[in-house]
Each structure stands twice: as C-alpha cells, then as structure tokens.
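Protein chains in written order, with this note's numbering: chain A, 415 to 929; chain B, 195 to 533.
Remarks on the structure that follows.
Below, the structure written as structure tokens:
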C-alpha cells in the first residue's frame with residue numbers, strides 16, 4: 415500500500431490555498447471552454463502553455479488537469495441545453511440529453527451528467543493511482559488488429575440503433591462513412607474526396623458535423639414549422655433529480671466508467687468510441703427502451719461517465735511511460751519537457767511528489783467541478799425559457815462560432831450550413847441521426863486500422879486477428895449476430911426459451927420493429 | 195527630424211531594456227538584450243509569423259519561442275503569431291504565396307511542408323517564396339524494440355537488404371513527412387528500391403512509440419527527441435543517428451557515417467516570406483533573426499527543447515531549400531506520391 419501513502423502525501427501537498435486556487439481556476443476555465451463549442455481543452459492548454467512556464471510545475475499541472483477535466487464536463491452543458499455539442503466526446507450526450515431538456519428535464523440531465531462525471535472521474539482516478547503499471551503493460555500489447563476488432567464490435571452495436579427502417583438506417587450510416595472519408599488518406603498521403611478544396615484536406619471536423627446536424631438542422635426545422643404550428647412551450651420541470659432518476663442513473667455511471675477508463679488508457683482509444691459504446695449498451699440494457707430517442711436518462715448518464723473516465727485514463731500512459739494518447743496529453747507532455755522534467759518510465763521514480771500531487775489534484779478538481787456545476791444545473795435549465803426565436807438565434811450564433819473556431823476559416827461556416835441542410839433533410843425524411851455520426855467518427859479509424867493491419871502482415875488476411883482482445887471482440891460479435899438463430903434453436907429444442915435478455919435480443923427488436 | 199526621433203526612440207528602448215534587466219538581475223541574457231536594443235536600427239514593428247499547423251506542435255513552439263525572444267530582447271516590436279493549419283502545411287503555404295509583396299509576414303516551416311507541397315500537389319510551391327533563414331534542426335534516429343535481434347545498424351541494414359518487403363518500418367508522419375522521407379532516403383542510400391519499403395504511418399510519436407514498445411514493427415524512424423526517456427529507461431535501443439556528429443544526449447550511439455553508411459538526414463525548421471517582397475523588408479527579417487540567434491535567451495531555448503542550432507540566413511538558406519525541394523521531389527515521384 416505504498417501508493418496509498420504516496421497519495422495521502424499528495425493530498426498534503428495540494429491542500430494549500432494557492433494550489434486550491436489553481437485547481438479552481440483550472441476547472442472554471444475548463445468548464446468555460448467546454449461550454450464554448452470549437453475551443454477544446456487542447457487548444458486552451460496550448461495557449462496557456464507560455465504563461466505557465468513561470469509557475470511551479472506542480473501548480474501548472476494542477477491547472478492543466480483542471481482545464482482538462484472541466485472541458486470534458488462543460489461540453490455536456492451545451493449538448494443538453496442547445497443540442498450543440500461543444501466537444502466531440504459529448505456528441506452522444508446530445509442525443510438523449512437534448513430530448514430530456516425539451517421535455518422539461520434539463521436540470522435532471524445536467525445533474526446526472528455532473529454526478530456521473532464526478533463518480534466516473536473519482537473511480538477512474540483511483541484506478542489510475544493503483545493499477546497504472548498493469549494498465550500500461552496491457553495497453554502496449556494492443557495493436558491495429560485489436561483496435562479493428564473493437565471498432566467492428568462498435569459497428570455491430572450500431573445495427574441496434576439503425577432506427578425504425580433498416581434502409582434509412584444504412585443510408586444514414588453510408589452518408590456518415592462518406593463524410594468520414596473526406597481528407598488526406600493516412601496510408602498514402604493523398605487527398606480523397608476533397609474536390610481540390612484545400613480546406614477539406616484535413617477532413618470535416620466532427621464538431622462541425624455534429625453542430626450542423628443537430629443545432630443548425632433543428633433551427634431550420636423549427637423555422638420551417640414556426641408559422642404552421644403553435645410553438646410548444648418547454649415545460650418547467652423539477653429542479654433536482656428524483657428517486658427514480660437516481661435509480662436509473664447509477665448503473666450507467668458505473669458501466670460508463672468501466673468502458674471509458676480503458677479506452678482513455680490505450681494509445682488509440684480516445685473519448686468518442688467509449689461514449690458511443692456506452693450509449694449502445696444502455697440502450698440495450700434499459701428497462702425503458704420506449705424512452706430512448708425521447709429523452710432517456712440512461713443515455714446521458716452512461717456517455718457522460720464514459721468521457722470523464724476516459725479523461726482520467728489518458729493520464730495513465732502519460733504519467734507511467736510518457737506516452738500521450740491525445741492532443742491534450744501531448745501538450746501536457748511538452749509542458750513537462752519544457753520544465754526539464756523527463757516524462758517517461760522514470761517520472762514516477764524521479765518525481766513522485768509531482769505525480770502523486772497531480773493524482774490528488776484530480777480528486778480535488780473533480781469535487782470542485784461537482785460543487786460548481788450541480789447548483790448551476792437548475793439555473794442553466796431556465797435558459798430554455800427564452801422565447802424560441804431568440805433561443806434559436808442564440809443557438810445559431812453558438813453553432814457558427816464553434817464551426818469558426820475549429821480552424822478559423824469562413825469555409826467551415828458554409829460547410830456548417832450545408833450540413834445543417836442535410837440535417838434538415840434527414841429529419842424531414844425520417845432518417846436516424848446516430849448511424850450518420852457513427853459513420854463519421856468510426857469510418858476513418860476503422861479504415862486506418864484495417865489497412866495498417868494488412869500492411870503489417872504484408873497482405874496476409876491472418877493479420878486481421880491479433881491478440882486476446884480481438885478474439886473476445888469477434889466472439890461477442892459472432893454471438894450477437896447468431897443470437898436470434900441460437901435463441902430459436904433453444905426455443906424449439908427446449909420449448910421454453912422465453913424472452914431472454916441476450917445481447918442480440920434488442921437488436922432484432924429495434925431494427926425490425928416497424929420495418 | 196526622423197533620425198533624431200529614431201535615436202530618441204532607441205534611447206528610450208535601451209533605457210527600458212536596462213530597467214527590465216535591472217529587475218531581473220539574475221537573468222543571464224540581460225547584457226545581450228541591452229546591447230542589441232542599442233543597435234543602429236529601430237525595432238521592426240507589425241511583424242506576423244504564421245504557423246501552418248495547430249497550436250502546441252513543433253512548428254508552433256518554435257515560432258512562439260522565436261517571437262518571444264525577439265520581443266523580450268527588443269529586436270522587434272510585438273510579433274503576432276497565428277495558426278493556419280491544414281493539409282500538412284500547404285494551406286498556410288498557399289496563403290504566403292497569395293500575400294505577394296507583404297514584407298511583414300513570415301511563415302515558420304520545415305521539411306514536412308516541403309514534402310506536403312509535393313504529396314498534396316499544392317499549386318503554391320516553396321520555390322515561389324522568399325527564403326529568410328533556417329533556425330534549427332533535429333537529427334533522425336533508427337530505433338528498435340528492446341527485444342529486437344538487431345544489435346547494430348549494419349545487422350539491420352543487411353537484413354533489410356535481403357528482403358526489404360518483410361521489414362516493417364514505422365514512422366510518426368504521413369507519406370511525404372520527415373519520418374517517411376528518412377527511411378526512404380536511407381533505403382536509397384544503401385541500395386534498396388524505396389518502392390519495396392514497407393512503411394507504416396503512425397499519427398505522431400504518441401502512436402509510434404507504443405508500436406515500437408509493443409514490438410509491432412521491426413524498426414522506427416523518427417526524430418531522436420521522441421525516444422530519449424525510453425532510451426534512458428532501456429525500453430528501446432537507438433541503433434544510429436543520422437546527423438554528421440554524435441548527439442550529446444545520446445553519446446554512445448554512432449552516426450550512420452561512423453557505421454560505414456554514407457547518409458545524413460535532419461529535420462529542419464526555418465522561416466520563409468511571401469514572394470516579391472522588397473530587399474529592405476527581407477533585410478529586416480534576416481537582421482532580426484540573426485540578432486535573435488545571437489541572444490542567450492535563444493541558446494537557452496534551444497537547450498531546453500533539445501534543438502540543434504542550424505542557423506543559415508538569406509541566399510545560403512535559399513540554396514539549401516532548393517536542394518531539399520529537389521531531392522524530396524525526386525524520391526516522392528519515384529514512389530508515385532507526387533507528380
């Protein structure tokens with residue numbers, strides 16, 4: 415229990431007024447940049463970097479971690495209230511969160527996001543403190559075939575959310591894949607589907623796609639119906655989570671943490687895939703499948719826990735071996751180098767005080783985030799009382815600002831409008847949104863790992879199967895696909911298979927429901 | 195009148211600099227700062243440096259550090275550093291070429307932009323720009339996993355020559371980037387057809403490192419800085435560095451030349467300006483960067499970030515840039531990645 419002593423010592427270091435102040439500034443700034451679409455924690459840290467060289471490294475890292483956690487949290491606020499995801503990791507939150515907000519349950523959605531983030535952050539930080547070396551040893555063994563298998567599993571999960579019509583679901587997925595493929599091909603360095611527009615060479619940013627589809631698409635939809643239909647006033651709900659909300663939230667929080675943490679820790683994990691897996695899992699496991707798509711609290715609780723747990727997971731390889739797994743971590747790494755510290759396998763041995771103070775600061779930052787955001791939830795929720803023309807003008811302003819900030823070019827605004835029109839069209843013709851988003855996020859990653867696996871094996875197909883992780887994934891996929899068949903066999907053989915709760919069950923229901 | 199104003203201004207600036215240096219009496223760079231400020235020309239104002247990729251990257255750090263050193267030493271007025279990322283730097287390159295005659299704009303660039311201008315079939319060419327100066331460089335390194343059977347670079351090269359397609363090379367950049375050009379040029383130097391090289395592109399050092407640690411590739415080619423902590427911990431081995439001389443941080447690692455392979459390769463960074471700027475504007479940039487290069491603050495920054503000094507200004511840099519552009523273009527055409 416050497417780690418425990420170190421951690422307690424870490425708390426001793428952070429609990430000074432000045433360090434607490436840095437933690438507070440960090441989470442406040444982080445929440446603010448999370449709320450503003452387009453400005454991510456990575457960019458904020460890059461801009462803060464020159465200022466922090468004057469600070470003590472420990473204090474600067476406390477500040478950075480505050481920004482990082484705060485950003486993960488703040489992104490959910492605009493997702494829920496305005497249907498405008500601030501970060502790619504909170505895209506999924508908008509799906510159910512905004513529906514909850516429209517049903518007058520914005521405060522509950524914000525609260526479950528805040529508490530879920532806190533629970534996930536705390537558990538993940540504990541994991542970070544105690545299983546760091548083991549996690550890293552595991553993470554390094556993963557190769558492209560394993561990532562490919564994980565993503566294939568996610569694609570099969572996507573089948574569950576294709577919506578009421580399979581044709582429309584697949585069409586939506588394919589539109590997403592097409593958008594996801596735009597840009598420079600990573601294997602050959604050549605441009606694809608960029609129509610000779612240099613602005614498209616780096617692909618279409620997921621924030622622009624999500625904001626366009628959700629916020630602009632919806633604003634157009636509302637505008638198109640404003641005269642024909644009397645606006646439905648958003649009801650004022652209760653300010654706090656009820657008993658039922660708690661009962662339905664705690665399991666998704668834990669499951670979201672379990673999904674998010676390992677994804678943050680593995681080199682090509684990231685926060686998007688686990689939020690999406692969490693959403694699919696909750697949708698399958700829920701006792702209220704009819705609420706999904708209309709504002710199910712599980713669909714907010716799970717993904718929000720997942721993205722915060724993934725943020726803590728990111729620090730595992732960073733602190734354990736000096737390996738940054740995302741842009742934010744890469745900037746923290748360069749900061750450490752700037753102070754003459756050697757982030758790497760020896761950091762924990764050489765700088766135990768820094769590492770453990772940092773871990774302790776994550777706990778403190780998390781608690782501060784909860785204290786900062788929970789009381790604000792009912793206040794934020796009142797924002798929706800603004801009359802609709804003003805509210806949507808505000809949403810469009812935020813959306814445009816978000817798209818602009820990603821790259822600072824006017825082109826992205828036209829792109830935003832074009833994707834907004836697409837969003838309007840898919841709403842008009844009843845296409846589901848989620849498969850499209852999945853396509854945009856997962857297509858490029860899947861393609862990269864598929865091609866890299868084949869390159870590594872020199873074209874041999876056996877290279878597509880990697881280590882134990884890929885076996886497990888393919889086994890789960892096989893069961894999920896074959897389950898309806900197996901279930902039928904069991905039923906005919908045993909006579910009473912009953913309405914089982916296997917993983918394939920809801921897949922069949924949701925894809926065939928009203929086909 | 196104007197001369198007098200200039201002198202007065204210089205005096206004020208000098209006093210200001212002295213005042214500042216008095217505050218930070220322990221700073222080593224104060225005398226340099228004072229003396230440059232008292233120089234004959236007044237500080238250039240309104241300069242802008244564009245960074246053709248995102249904040250926090252190598253180009254960005256170099257640009258912001260250079261701007262800060264020049265501002266602090268009063269070599270220039272405040273310099274605006276801004277990012278215009280896209281298409282491996284060619285979006286920024288296009289902007290520089292479009293800003294013909296704008297003597298206030300500079301772009302931080304390097305070998306990566308040279309490669310991208312060919313792979314992205316960019317209309318704007320580096321040969322259109324006005325070369326100002328090369329600032330720094332970083333040597334490449336050939337890295338193998340701890341468990342690798344190759345103990346020195348010659349064993350690796352022999353095995354590579356025997357069956358080039360069977361050896362997987364990983365690098366932290368897309369084709370056309372420095373980590374891709376390094377193994378391709380090395381292959382060419384040792385008599386392997388670059389077309390047969392199995393290059394696997396990773397997204398920067400953050401993805402390349404686990405591939406090496408996890409023994410997924412046979413060797414990695416990248417800047418040496420990325421691996422230093424792992425080398426110290428003994429989890430990877432550096433077989434050779436590609437610089438002329440050994441690297442102080444890796445003094446036990448031989449250069450390629452010492453190992454009998456006539457090959458050098460460095461990833462460099464420098465500054466170019468738009469086409470058609472006046473000689474006076476060009477001189478302002480060259481002078482400012484030359485003065486910056488002489489400050490202690492810049493030397494400290496180089497030491498801090500592990501950059502190797504490679505200062506080269508004006509026409510000398512122009513000739514170097516032209517030669518680089520030529521050799522990169524040849525190898526990429528050979529690979530079918532550029533036309």
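Just so it is clear, CB atoms sit at the ideal spot from N, CA and C, and this is done for glycine as well.
* To do: Using 10 angstroms around the beta-carbon of residue 374 of chain B, count the other beta-carbons present and answer buried if the total reaches 16, otherwise exposed.
  => On the second chain, position 180 is the one that residue 374 of chain B refers to. Buried, by the Cβ-count rule.
* Which residues share a DSSP beta bridge with residue 661 of chain A? -> As a working mapping, residue 661 of chain A is identified with position 247 in the first chain. Per DSSP, none; premise fails for residue 661 of chain A.
* Asked: Should residue 419 of chain A be labelled buried (16 or more other beta-carbon atoms within 10 Å of its own) or exposed?
  -> For the purposes of this step, residue 419 of chain A is identified with residue 5 of the first chain, where counting begins at 1. Classification of residue 419 of chain A: exposed, given that the 10 Å Cβ count is below 16.
* **Other residues of its chain near residue 601 of chain A: CB distance less than 8 Å, five sequence neighbours each side excluded** => Against the first chain, residue 601 of chain A aligns to sequence position 187. Counting only Cβ-Cβ distances below 8 Å, and skipping sequence neighbours, we find 862, 865, 866, 869.
* Locate the alpha helix (DSSP H) running through residue 281 of chain B, then write down its first and last residues. => The count along the second chain starts at 1 and reaches residue 281 of chain B at position 87. Run containing residue 281 of chain B: none; DSSP gives neither H nor E here.
* To do: Note down, in chain order, every chain C residue with its Cβ under 7 Å from the Cβ of residue 738 of chain A.
  => The question asks about chain C, but that chain is absent: this structure's protein chains are A and B.
* **Backbone secondary structure at residue 272 of chain B - three-state DSSP** => Sequence index remark: in the second chain, residue 272 of chain B carries index 78 (1-based). For residue 272 of chain B, the three-state secondary structure derived from DSSP is coil.
* Sequence-distant residues of the same chain with beta carbon closer than 6 Å to residue 453 of chain A, five excluded per side -> In the first chain, residue 453 of chain A corresponds to position 39, counting from 1. Apart from sequence neighbours up to five positions away, the residues of its chain that approach residue 453 of chain A with a beta-carbon distance below 6 Å are 447, 819, ordered along the chain.
* Asked: When DSSP labels each residue in this structure, what does residue 897 of chain A get in the three-state scheme?
  -> Counted from its first residue, the first chain places residue 897 of chain A at position 483. Helix.
* Asked: So the alpha helix (DSSP H) residue 635 of chain A belongs to, where does it begin and stop?
  -> Along the first chain, read from residue 1 onward, the residue named residue 635 of chain A stands at position 221. DSSP places residue 635 of chain A in the uninterrupted alpha helix (DSSP H) bounded by 631 to 639.
* To do: Assign residue 463 of chain A to buried or exposed, taking buried as 16 or more other Cβ atoms, counted over all protein chains shown, within 10 Å of its Cβ.
  => Within the first chain, numbered from 1, the residue matching residue 463 of chain A stands at position 49. Counting Cβ neighbours within 10 Å, residue 463 of chain A comes out buried, since at least 16 surround it.
* Shortest alpha-carbon distance to residue 424 of chain A belongs to which of A:473, A:656, A:822? -> Taking the first chain and counting its residues from 1, the one referred to as residue 424 of chain A is at position 10. A check of alpha carbon separations from residue 424 of chain A across A:473, A:656, A:822 identifies A:473 as the nearest.
* Does residue 619 of chain A come within less than 8 Å of chain B when only Cβ atoms are used? -> By one-based count along the first chain, residue 619 of chain A stands at place 205. For residue 619 of chain A, the answer is no, since every Cβ of chain B falls outside 8 Å of its Cβ.
* To do: List the residues of chain B whose Cβ lies closer than 7 Å to the Cβ of residue 394 of chain A, in chain order.
  => There is simply no residue 394 of chain A to check, as chain A begins at 415 and stops at 929 in what is shown.
* Asked: Taking the runs of the beta strand (DSSP E) that are 3 residues or longer, which of them lie wholly in the stretch 393 to 430 of chain B?
  -> List check, beta strand (DSSP E) in window: 413 to 417.
* **Any C-beta of chain B under 8 Å from that of residue 819 of chain A** => Along the first chain, one-based indexing puts residue 819 of chain A at 405. Not an interface residue.
* Asked: Can you tell me whether DSSP reads residue 362 of chain B as helix, strand or coil?
  -> For this step, residue 362 of chain B is matched to residue 168 along the second chain. Shown here, residue 362 of chain B sits in a strand according to DSSP, grouped into three states.
* **Check whether residue 500 of chain B and residue 415 of chain B have beta carbons under 8 Å apart** => Stepping through the second chain from its first residue, residue 500 of chain B is reached at position 306. Stepping through the second chain from its first residue, residue 415 of chain B is reached at position 221. No, they are not a contact pair.
* Scan the stretch 284 to 295 of chain B for residues whose Cβ lies nearer than 9 Å to a Cβ of chain A and list them as they occur along the chain. => Of all residues in the stretch 284 to 295 of chain B, those with a C-beta nearer than 9 Å to a C-beta of chain A are 284, 285, 288, reading in chain order.
* To do: May I have the straight-line CA-CA distance separating residue 253 of chain B from residue 278 of chain B, to the nearest angstrom?
  => As a first step, residue 253 of chain B must be located in the second chain, where it is residue number 59. As a first step, residue 278 of chain B must be located in the second chain, where it is residue number 84. Rounded to whole angstroms, residue 253 of chain B to residue 278 of chain B spans 11 Å at the Cα level.
* Asked: When burial is assigned at 16 or more other CB atoms within 10 Å of the CB, is residue 804 of chain A buried or exposed?
  -> For the purposes of this step, residue 804 of chain A is taken as residue 390 along the first chain, with counting starting at 1. With fewer than 16 other Cβ atoms within 10 Å, it is exposed.
* Can a CB atom of chain A be found closer than 8 Å to the CB of residue 222 of chain B? -> The residue labelled residue 222 of chain B in the question sits at position 28 within the second chain. The predicted position of residue 222 of chain B is uncertain, since its pLDDT is 38 and thus under 50; a value taken from the coordinates is nonetheless stated next. Taking Cβ atoms only, chain A never reaches closer than 8 Å to residue 222 of chain B, which makes this a no.
* So, helix, strand or coil for residue 605 of chain A, using DSSP? -> Taking the first chain and counting its residues from 1, the one referred to as residue 605 of chain A is at position 191. The answer is strand: DSSP assigns residue 605 of chain A an E or B state.
* Asked: When the Cα atoms are used, what is the spatial distance from residue 761 of chain A to residue 441 of chain B?
  -> Here residue 761 of chain A refers to the residue found at position 347 of the first chain. Here residue 441 of chain B refers to the residue found at position 247 of the second chain. One C-alpha to the other measures close to 23 Å.
* Asked: So, is the C-beta of residue 453 of chain B closer than 8 Å to a C-beta in chain A?
  -> By one-based count along the second chain, residue 453 of chain B stands at place 259. No, because no Cβ of chain A sits closer than 8 Å to the Cβ of residue 453 of chain B.
* Give a yes or no on whether the C-beta atoms belonging to residue 256 of chain B and residue 469 of chain B are separated by under 8 Å. => Counted from its first residue, the second chain places residue 256 of chain B at position 62. Counted from its first residue, the second chain places residue 469 of chain B at position 275. Cβ atoms of residue 256 of chain B and residue 469 of chain B: not closer than 8 Å.
* residue 460 of chain B CB to nearest chain A CB: under 8 Å? -> One-based indexing of the second chain puts residue 460 of chain B at position 266. For residue 460 of chain B, the answer is no, since every Cβ of chain A falls outside 8 Å of its Cβ.
* DSSP-derived helix/strand/coil call for residue 331 of chain B -> In the second chain, counting from the first residue as 1, residue 331 of chain B sits at position 137. Here residue 331 of chain B carries a strand assignment [DSSP, helix/strand/coil].
* Just tell me which of A:543, A:450, A:812, A:508 has its CA closest to the CA of residue 628 of chain A. => In the first chain, residue 628 of chain A corresponds to position 214, counting from 1. Ranking A:543, A:450, A:812, A:508 by Cα distance to residue 628 of chain A puts A:508 first.
* Quick one: is residue 173 of chain B near chain A, going by C-beta distance under 8 Å? -> The first residue shown for chain B is 195 and the last is 533, placing residue 173 of chain B beyond what the model contains.
* Asked: What alpha helix (DSSP H) runs, 4 residues minimum, are completely inside the stretch 526 to 575 of chain A?
  -> Counting whole runs of 4 or more residues, the stretch 526 to 575 of chain A contains the alpha helix (DSSP H) stretches 558 to 572.
* To do: Measure from the C-beta of residue 350 of chain B to each C-beta in chain A and report whether the shortest distance is under 8 Å.
  => Start at 1 with the first residue of the second chain, and residue 350 of chain B comes out as number 156. It does not; no Cβ of chain A falls within 8 Å.
* Measure from the C-beta of residue 907 of chain A to each C-beta in chain B and report whether the shortest distance is under 8 Å. => Indexing the first chain from 1 puts residue 907 of chain A at position 493. Taking Cβ atoms only, chain B never reaches closer than 8 Å to residue 907 of chain A, which makes this a no.
* Report the residue from A:897, A:515, A:563, A:680 whose alpha carbon sits nearest the alpha carbon of residue 549 of chain A. => Locating residue 549 of chain A in the first chain gives position 135, counting from the first residue. Nearest neighbour of residue 549 of chain A by Cα position, chosen from A:897, A:515, A:563, A:680, turns out to be A:680.
* Which of the three DSSP states, helix, strand or coil, is assigned to residue 458 of chain B? -> Along the second chain, read from residue 1 onward, the residue named residue 458 of chain B stands at position 264. DSSP places residue 458 of chain B in coil when its eight states are reduced to three.
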